[in-house]
Amino acid sequence: GDIQYTTIHARCIYEWAKNTRKPYGLGVYGKLASTDMINMVSIVVGGNDELINKPRLVGFFNPTSPLHLPQIMTNGLQIFAKYKQPTIVAPEALAGSSAPVTLAGLLAQTNAEILGGAILAQIFNPGAPIFYGTVSHITDMRSGNSAIGSIETGLITAGIAQLARFYNIPSRGPGLVTDSKCFDLQ
């Protein structure tokens, strides 16, 4: 059956603990859920020091474009930073709707959003590990839908990787994405 939204984070950690010890990625959705996840994983791996020294979680922090750091995610980022769990700061800006229509404009806005999240993590706990990420893409102007499978997504991801290299921050972006509703060439 369905899992309630208020407990899904605990169920995810339970399944992780039951099946693997590999690093696990999930959203930094609020102070309570993030604290629950940290506490559960700490118990499984032998304590907070072990978790800090060998991170097991990877958080996803997604600023809301344009230029908004949601309070619920900011609270979760604070917890992940406190325990030095890597966090991917990855906006999903849409060129033409929540970001400028040009790729240069989208990259400038996305860069500001990522740096805002990264700086916030460093304010919370200097040295907190961060990934420079994105899931940004374009808007299909004919339908208003997001077009994540477009060629521009690859260009945006390449631009983000170059910016991350400039700042000497590890990067992460989408790959092998499609807009297709069925199996076809895309």
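Residue numbers (my numbering): 1106 to 1291. We put the CB at the ideal spot given by N, CA and C, even for glycine.
Backbone secondary structure at residue i - three-state DSSP
| i | result |
| --- | --- |
| T1258 | helix |
| Y1237 | strand |
| V1282 | coil |
| T1140 | helix |
| V1194 | strand |
| L1172 | coil |
| T1244 | strand |
| S1203 | coil |
Segment limits, beta strand (DSSP E) that includes residue i
| i | result |
| --- | --- |
| Y1129 | Y1129 to G1132 |
| L1162 | L1162 to F1166 |
| I1113 | Segment I1113 to N1124 is the alpha helix (DSSP H) holding I1113; no beta strand (DSSP E) there. |
Residue i - containing alpha helix (DSSP H), residue span
| i | result |
| --- | --- |
| F1185 | Q1176 to K1187 |
| G1221 | L1208 to F1229 |
Residue environment, residue i, which counts as buried when at least 16 other CB atoms sit within 10 Å
| i | result |
| --- | --- |
| R1161 | buried |
| I1256 | exposed |
| H1242 | buried |
| E1155 | exposed |
| Q1190 | buried |
Please determine if the region 1131–1138 and the region 1171–1191 are in contact, where contact requires at least 3 C-beta pairs separated by less than 8 Å. yes
Determine contact between the region 1243–1253 and the region 1222–1233, defined as no fewer than three beta-carbon pairs at a distance below 8 Å. no
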